[in-house]
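Read in order, the letters of the sequence shown correspond to residues 357 to 622 in our numbering. For glycine and all other residues, C-beta sits at the position ideal for the given N, C-alpha and C. Below is one structure, written out as C-alpha cells; the observations come after it.
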Amino acid sequence: MTHPLVTQADIDTFQRDGVVLIKGLFADYVDTIRTGIDRNMAAPGPYAAENLHDGEAGRFFDDYCNWMRINEFEDAIRNSPAGAVAADLMQSRRVQAFHDHVLVKEPGTTKPTPWHQDGPYYFVEGRQTVSFWSPMDPVDAASLRCVAGSHLWDKPVLPTRWLAETSFYPDDDAYQPVPDPDAQGMPIKEWAMAPGDAVAFSFGILHGARGNTTTARRRAFSVRFVGDDARYVDRPGPTSPPFPGHGMRPGDVLREDWFPVVFDKH
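Structure representation (C-alpha cells):
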C-alpha cells in the first residue's frame, strides 16, 4: 500500500522524470517548521551562508545539517509523512535521513539560486534518492525549477560554490559545465505552491530558483533521504556537506547513527 498522499501516477512520474509535486506533504508541520527556521536563523550552524555579494539587494540565507539540534526540524523529518512518501517514490524498503537544508530569500532578493545538481556535491550515490523542497510561504515566481529527466544524463554537472563561483572538484571530463536550461529549451518543471506542498526530486535533477522580487518572504525547508541502494563514494575533492570524521569507506551503507532510518516498510 502506498501512502494516501501518493498515487501510482506520482511514482511513475518520479521514476521517469526524476521530479514530481506532492501536495500537502508538510501541511500539518508548517507552523512547526517556521518556528524551526526562526531558531535556525537566530542561531546559525557552522555551514550557514549569506549568499549575496556586497551591494546585492535583499538577503539569501541558507544553512544545513541542523535537524539533530533543532527539535522542530527533527519532528517534521521523523513524524511527517515524508519518510513514507520517500519510500514510495524511491521504491525502497528503508529510508535514511541524509540532511536538512533551509533556504530563505527575503523580499526584494534578486539573486537566483544557481542551476545545480545536488548529487555531485554529496559523498553518496544510488538510484534511490529523493529531496523534498517545501515552501513555508505561498510561492509562484520564486518556486523551485527542475529539469525533467536530467537525473539520467550521462555526465553530472560540475558542482560550484554559490558565492565564490569556484568549482568543488577538478574540471575534468567526468563532469559537464553548468548548462543554461532556459536558453537551451530544456523541459523545466515548476509549480505555484502552497505552504507545506513539496517538490520531490532525485539527487541527480538539475534545479534552481529565481530571485524573490515579491514583497513577501520565501522560506523553504528541504530534506534529503536515501534508500536501499545508496552507498558511500569517494569524490575528487571535499564534499558538501562534509560530515568530518564519518569513517565510512567506499561501498558502505551510510552509518545509521549519523543517518538514521526514519521509515521501514517491514
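Separation of GLY380 from LEU361, as counted between CA atoms: Position 5 of the sequence shown, counted from the first residue, corresponds to residue 361. Position 24 of the sequence shown, counted from the first residue, corresponds to residue 380. GLY380 has its alpha-carbon roughly 8 Å from the corresponding atom of LEU361.
Spatial distance of ARG605 from ARG591 (CA atoms): Position 249 of the sequence shown holds residue 605. Position 235 of the sequence shown holds residue 591. Computed Cα separation, rounded: 12 Å.
Runs of beta strand (DSSP E) wholly within the stretch 475–500 (minimum 3 residues, chain order): Listed in chain order, the beta strand (DSSP E) runs fully inside the stretch 475–500 are 485–491, counting runs of at least 3 residues.
Helix, strand or coil at ASP456 [DSSP, three-state]: Mapped onto the sequence shown, residue 456 falls at position 100. ASP456: strand per DSSP, three-state reduction.
Residue interval of the beta strand (DSSP E) (run including ASP613): Your numbering for residue 613 matches position 257 in the sequence shown. Counting along the chain, ASP613 falls outside any beta strand (DSSP E), and DSSP gives it neither H nor E.
Contact the stretch 414–433 vs the stretch 386–393: 3+ CB pairs below 8 Å: A contact exists between the stretch 414–433 and the stretch 386–393.
Residues near ALA572 in its chain [Cβ-Cβ closer than 7 Å; skip 5 each side]: Taking the sequence shown and counting its residues from 1, the one referred to as residue 572 is at position 216. Only PRO463 and ASP493 meet the Cβ criterion.
Proximity of PHE559 and ASP474 at Cβ, strictly below 7 Å: Taking the first residue of the sequence shown as 1, we reach residue 559 at position 203. Taking the first residue of the sequence shown as 1, we reach residue 474 at position 118. Cβ distance < 7 Å, so PHE559 and ASP474 count as in contact.
For GLU481 and PRO515, the rounded distance between their alpha carbons: The sequence position of residue 515 within the sequence shown is 159, counting from 1. The sequence position of residue 481 within the sequence shown is 125, counting from 1. Taking C-alpha positions only, PRO515 is separated from GLU481 by approximately 15 Å.
Option nearest THR469 by Cα separation, candidates PHE417, HIS602, ALA548 and TYR477: On the sequence shown, position 113 is the one that residue 469 refers to. The option with the nearest alpha carbon to THR469 is PHE417.
Local conformation of GLN540 per DSSP, three classes: Position 184 of the sequence shown, counting from 1, holds the residue named residue 540. Note: GLN540 maps to coil in three-state DSSP.
Spatial distance of ASN422 from GLY401 (CA atoms): Here the question's residue 422 lines up with position 66 in the sequence shown. Here the question's residue 401 lines up with position 45 in the sequence shown. Whole-angstrom Cα-Cα distance: 7 Å.
Inter-stretch contact at 8 Å, needing at least 3 Cβ pairs: the stretch 584–599 / the stretch 497–511: Taking 8 Å as the limit for Cβ pairs, the verdict is that the stretch 497–511 does not touch the stretch 584–599.
Inter-stretch contact at 8 Å, needing at least 3 Cβ pairs: the stretch 370–387 / the stretch 549–557: Touching, yes, given that three or more Cβ pairs across the two stretches are closer than 8 Å.
Neighbourhood of SER436 by C-beta distance below 6 Å, restricted to the same chain and skipping five residues each side: By one-based count along the sequence shown, residue 436 stands at place 80. Leaving aside the five residues that flank SER436 on each side, the residues in its chain whose CB is nearer than 6 Å to its CB run, in chain order, PHE382 and TYR385.
CA-to-CA distance, VAL534 to HIS472, given in whole angstroms: Along the sequence shown, read from residue 1 onward, the residue named residue 472 stands at position 116. Along the sequence shown, read from residue 1 onward, the residue named residue 534 stands at position 178. Distance between HIS472 and VAL534, taken at the CA atoms: about 7 Å.
Spatial distance of ALA565 from ASP608 (CA atoms): In the sequence shown, counting from the first residue as 1, residue 565 sits at position 209. In the sequence shown, counting from the first residue as 1, residue 608 sits at position 252. Those two C-alpha atoms are separated by around 33 Å.
MET549, DSSP secondary structure in three states: Numbered from 1 along the sequence shown, position 193 holds the residue referred to as residue 549. Looking at MET549 - three-state DSSP - the assignment turns out to be strand.
ASP410 versus ARG580, THR465 and VAL617, residue with shortest Cα-Cα distance: Position 54 of the sequence shown, counted from the first residue, corresponds to residue 410. Selection ARG580, THR465 and VAL617 evaluated against ASP410 yields THR465 as nearest (Cα-Cα).
GLY564, DSSP secondary structure in three states: Numbered from its first residue, the sequence shown carries residue 564 at position 208. In the three-state reduction of the DSSP assignment, GLY564 falls in the strand class, which pools E and B.
Residue from SER578, ILE378 and LYS461 whose Cα sits closest to the Cα of GLU412: Residue numbering aside, residue 412 sits at position 56 when the sequence shown is read from its first letter. Comparing C-alpha distances from GLU412 to each of SER578, ILE378 and LYS461 shows the shortest one belongs to LYS461.
Whether ALA453 touches PRO594 by CB criterion (7 Å): Counting from 1 along the sequence shown, the entry for residue 453 is found at position 97. Counting from 1 along the sequence shown, the entry for residue 594 is found at position 238. No; because the gap between Cβ atoms is not below 7 Å, this pair is not in contact.
Assigned secondary structure, PHE417 (DSSP; H/G/I helix, E/B strand, else coil): Translated into positions along the sequence shown, residue 417 becomes position 61. The answer is strand: DSSP assigns PHE417 an E or B state.
Pair within 7 Å by beta-carbon distance, VAL495 and ARG574: The residue you call residue 495 lines up with position 139 of the sequence shown. The residue you call residue 574 lines up with position 218 of the sequence shown. Note that the C-beta distance between VAL495 and ARG574 is below 7 Å.
Own chain residues within Cβ distance below 6 Å of GLY567, not counting five before or after: Taking the sequence shown and counting its residues from 1, one reaches residue 567 at position 211. Within the same chain, GLY567 has close Cβ partners THR465, THR466, LYS467 and PRO468.
Identity of the residues DSSP links to SER578 by a beta bridge: Position 222 of the sequence shown, counted from the first residue, corresponds to residue 578. Per DSSP, the beta-bridge partners of SER578 are HIS457 and TRP489.
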